[in-house]
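Since the structure comes first, as structure tokens, the remarks are kept for the end.
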Amino acid sequence: MRKTSLAGLAAAAAIVPAMLFFATPSANSQGPSLRANPSFQVIGASASGNASTAWFHDPSTGRAIACQTVVTAASGLTGMQCVAAKLPQETP
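Here it is as structure tokens:
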């Protein structure tokens, strides 16, 4: 198997936990009456070379989140970075 195929596979494998995290329908805390209900929808995912990216959207807040694998030449896959932004709202 080629080195780029292994790197792409490892990068894609790193994105899956993020997709599962954001797609989780509900989470309850053990504290009093704190309830989190993320409604993130997976928009898509892509891979190119040794990098993978996944996009998520929360329609209730208008936020979009993009997560990308971090790959270094010396260490290979070293982590994941995510950024979030509020999308502009349509006006009627």
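Numbering (mature numbering (1 follows the signal peptide of the UniProt record, and there is no 0)), first residue to last: -29 to -1, 1 to 63.
Every residue gets a Cβ at the ideal spot worked out from N, C-alpha and C, and that includes glycine.
Keep in mind it's a predicted model, so treat the numbers as computed, not measured.
- Taking C38 as the centre and dropping the five residues before and after it, the same chain places the C-beta of A(-12), A25, M51 and C53 closer than 6 Å to its C-beta, in chain order.
- By the Cβ-count criterion, V42 is buried, with 16 or more other Cβ atoms from all chains shown falling within 10 Å of its own Cβ.
- Assigned with DSSP and collapsed to three states, G20 falls in coil, not helix or strand.
- S23 and T40 have their C-alpha atoms spaced approximately 6 Å apart.
- When secondary structure is reduced to three states using DSSP, G15 falls in the strand class.
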